[in-house]
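All remarks here apply to the structure that follows.
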């Protein structure tokens, strides 16, 4: 059974060791060969997968009919993969510990594991030659490079402290210094990387010379050279960032003490983790046993992890304070990100080294390449994303300028377009951040972005996003154009005065209706794009609307009446009207109701269903209807003469005179009663100025009547003394008035004070009787009655 199992497994395994095992020899596997197979991680994984497939009832590959397509297994979820990896790791760790104990006992007893002393010396000789030659060449080349670094550092220092020189055209002095410093840093980086590569070449030549056969590089020597190049290139990047001995080539601004501290710490981490994973593990596995190599790798990485976490936790407050100070002096964009980084940097650091520890144990061979690739992709993605957001902020921060002809025709369109800039920045920034998160997760293999994009779900998500953006753009464009045209019509511009009240009312109603239609249609389309069936929503809305219509007949009546009032131009905003017993100024009109402000300041909301008669006092023209009562003793003809004289003086007023459209109309005597004789007059005025003309005319008429001695009646009392049956009345105590001068039949009335007539000088304004009617009309408001 075991031999058949290995035969089936050998057909599926992809490792060279299993591929070299013929099917006929699978049954004759010795315990030592079986142990060697189990020590190989890839072979062990393939065996475990085959065992799981057989346990689940899947048909082995060898027993499938010819030409039958292999069954596509279902893609395991994230939880299943994590559980499988954890189980595999724990199983391998337990196996390695057990095998490691056995290997240590074998070493303690003096027996050899992989190779004896002579074979070990022969196999390790190329490794030793490669290491010695590489280290010696690296030291010599570094000494030369240090001299070159010093020259470059002094050159950058002299350039930064040099006096200002006339810059080249289009190149400011600061940009010239910055570009030369960037070139110096890149040059130093290239030199440092070249030193590493030259040292590796020297070590490779020495390893070839020491390898038997003089033509093939020894395996262990190749392992050392690969580890040396990988680790030292990482250290080159660290030295470039901190540049301990050459501060002018330092990439990050910091003090020499901080640069020295973090440079030393990161170099230790990179050296221990890199050489422990890429060198010590393979050498120990080849010379002693794979179990001991993996255990050595685990111990080294645990030590590195503990050391890194300890340093990060100890310096979390110090780094946070430094980042907060940097954020306080930075721009708004960088300052906010530095504040966030100051609070989470230690969490990110501990998480990074945790991932390094896990990856180094799950896949020791590809751990460091994976970490380097993921780190580089993460930094590149964050850098490009930050620059993109910064570029968008810089570009869209400037006001958008439309063409002059379009700005002349629609002067409010530019302001409305610029009002969309903050919302656009937020939306684009959100999209960029989502893409950055997906790319970072893809870098760390927590999310397979390329596979998701190629899948049906990814294509549907991208299509939905594009459709949503297009719908929002069309809705924003439609609303912008409609609102700009309406606001342009509502505003005063050159060559066109203020719109009429009817235009303002209808345009405001149309704007509200357009907004409701656009918002409703946009929401319906967006819901349909995200997969929600809007058919039931529309049907449900229709049913609900029908039910509301039966229960809201008054509301329907309000709307219908309001529509016809608007179509018939019954009233508009700022008109003085009387509707439903309310007299005042129309402040607001909707499709359902009208808001009226009365003279006492009260605001009345009148539904149109209550309006059966509309009395508009602001249509075409107005009349001042005056009825003046004089005493019975006065002459009607004389009173009419003075009524016309007062009107003639009113026409000379520079403010009220232009508001009068026709000559005064004296309708004549309209009443003779116990109070006196009533005379009616009519003065035709412009709309809304009848009340101002009334006040001015009354003032002048009182002045003329007082000068002419025309009595305005007031309450009279008749005293009756009575009489007896014979017709005699009792005597009355009557005093004779002293002699008065003859006033020629023009004696003043009792209680009246005679004043001489003093006509107002020509050109004098009657501002004290005008009120604010004319000013209100110029500002588009209703005059006060």
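In mature numbering (1 follows the signal peptide of the UniProt record, and there is no 0), the protein residues as written are -19 to -1, 1 to 766.
Cβ atoms here follow ideal geometry from the backbone N, Cα and C, with glycine treated the same way.
For residue 219, which residues in the same chain have their Cβ closer than 8 Å to its Cβ, ignoring the five residues on either side in sequence? The answer, listed in chain order, is 244, 247, 248, 251.
Residue 549 beta carbon less than 8 Å from that of residue 614: Cβ atoms of residue 614 and residue 549: not closer than 8 Å.
Residue span of the alpha helix (DSSP H) that contains residue 448, given as start and end: That run of the alpha helix (DSSP H) goes 437 to 471.
Hey, is the region 507 to 523 in contact with the region 567 to 575, meaning 3+ C-beta pairs nearer than 8 Å? Because the criterion of three Cβ pairs below 8 Å is not met, the region 507 to 523 and the region 567 to 575 do not touch.
For residue 670, is the classification buried or exposed, using 16 other Cβ atoms within 10 angstroms of its Cβ as the cut-off for buried? Burial check for residue 670: the Cβ neighbour count within 10 Å reaches 16 or more, so the residue is buried.
So, using beta-carbon positions, are residue 421 and residue 359 closer together than 8 Å? For the 8 Å CB-CB criterion, residue 421 and residue 359 form a contact.
Between which two residues does the beta strand (DSSP E) holding residue 683 run? No beta strand (DSSP E) contains residue 683, which is instead part of the alpha helix (DSSP H) from 671 to 689.
Can you name, in chain order, every residue of its own chain whose Cβ lies under 8 Å from the Cβ of residue 443, other than the five neighbours on each side? These residues qualify, in order along the chain: 434.
Identity of the residues DSSP links to residue 652 by a beta bridge: Its beta-bridge partners are 659.
Please report the straight-line C-alpha distance between residue 363 and residue 357, rounded to a whole angstrom. Each residue's alpha carbon lies about 10 Å from the other.
In chain order, what residues of the same chain have a beta carbon less than 8 Å from the beta carbon of residue 678, not counting five sequence neighbours either side? Counting only Cβ-Cβ distances below 8 Å, and skipping sequence neighbours, we find 605, 607, 627, 628, 631, 664.
Mind reading off the beta-carbon distance from residue 172 to residue 112? Whole number of angstroms is fine, and I expect it under 8 Å. About 23 Å separates the Cβ atoms of residue 172 and residue 112, ruling out a contact at the 8 Å cut-off.
Roughly how many angstroms separate the alpha carbons of residue 224 and residue 350, rounded to a whole number? Approximately 24 Å, taken between the alpha carbons.
By Cβ distance below 7 Å, which residues in the same chain neighbour residue 9 in space, the five residues on each side in sequence not counted? Note that residue 9 has pLDDT 42, beneath the 50 cutoff, so the model's placement of it is unreliable and the number below is only indicative. Taking residue 9 as the centre and dropping the five residues before and after it, the same chain places no C-beta closer than 7 Å to its C-beta.
Rounding to the nearest angstrom, what Cα-Cα distance links residue 122 and residue 213 in this structure? As the crow flies, the alpha-carbon of residue 122 is around 13 Å from that of residue 213.
First and last residue of the beta strand (DSSP E) that includes residue 577? Unbroken beta strand (DSSP E) run through residue 577: 574 to 578.
Between residue 593 and chain D, is there a C-beta pair that is closer than 8 Å? Protein chain content of the structure displayed is limited to a single chain, and chain D is not contained in it.
For residue 282, which three-state DSSP category applies? In this structure, residue 282 counts as helix in the three-state DSSP scheme.
Which of helix, strand or coil DSSP assigns to residue 665: When secondary structure is reduced to three states using DSSP, residue 665 falls in the strand class.
Take the Cβ of residue 440 as the centre, count every other Cβ of all protein chains shown within 10 Å, and call the residue buried at 16 or more, exposed below. It is exposed - the Cβ of residue 440 has fewer than 16 other Cβ atoms within 10 Å.
Out of 369, 167, 120, 106, which one is the CA nearest neighbour of residue 133? The shortest C-alpha separation from residue 133 is found at 167.
Smallest Cα separation from residue 106: which of 175, 188, 638? The residue with the shortest Cα to Cα distance from residue 106 is 188.
Looking at the unbroken beta strand (DSSP E) that takes in residue 612, where does it start and where does it end? Boundaries cannot be given for residue 612, as no beta strand (DSSP E) includes it and DSSP labels it neither H nor E.
Does residue 646 come out as helix, strand or coil in the three-state DSSP assignment? In the structure shown, residue 646 sits in a strand (DSSP, three-state: E or B).
Could you compute how far the alpha carbon of residue 640 sits from the alpha carbon of residue 451? So the two alpha carbons sit approximately 56 Å from each other.
Reduced DSSP secondary structure (H/G/I, E/B, other) of residue 597: Here residue 597 sits in strand by DSSP.
Helix, strand or coil, according to DSSP, for residue 695 in the structure here? Under the three-state reduction of DSSP, residue 695 is assigned to coil, being neither helix nor strand.
Coarse secondary structure for residue 337, derived from DSSP in three states: Reduced to three states, the DSSP call for residue 337 is helix.
Where does residue 106 sit, in a helix, a strand or coil, going by DSSP? In the structure shown, residue 106 sits in a helix (DSSP, three-state: H, G or I).
Could you please give me the residues that DSSP links to residue 547 through a beta bridge? In DSSP, residue 547 forms no bridge with anything.
Excluding the 5 residues preceding and the 5 following residue 638 in the sequence, name in chain order all residues of the same chain whose CB lies nearer than 8 Å to its CB. Closer than 8 Å at the Cβ level, and outside the excluded window around residue 638, lie 631, 632.
What do you get for residue 45, buried or exposed, if any count of 16 or more other CB atoms within 10 angstroms of its CB means buried? A caution first: residue 45 carries a pLDDT of 47, below 50, which makes its placement in the model too unreliable to give a value.
Every unbroken alpha helix (DSSP H) inside the region 187 to 234 [4 residues or more]: Secondary structure in the region 187 to 234: the alpha helix (DSSP H) runs of 4 residues or longer, each lying completely within the stretch, are 200 to 223 in chain order.
From residue 353 to residue 340, what does the alpha carbon distance come to, in whole angstroms? Distance from the CA atom of residue 353 to the CA atom of residue 340, rounded to whole angstroms, is 12 Å.
Which word fits residue 124, buried or exposed, when buried means at least 16 other C-beta atoms lie within 10 angstroms of its C-beta? Residue environment: residue 124 is assigned as exposed (fewer than 16 neighbouring CB atoms within 10 Å of its CB, all protein chains considered).
So within the region 248 to 320, which uninterrupted alpha helix (DSSP H) runs reach at least 4 residues, ignoring any that extend past its ends? For the region 248 to 320, whole alpha helix (DSSP H) runs of length 4 or above, ordered along the chain, are 262 to 268, 271 to 295, 297 to 310.
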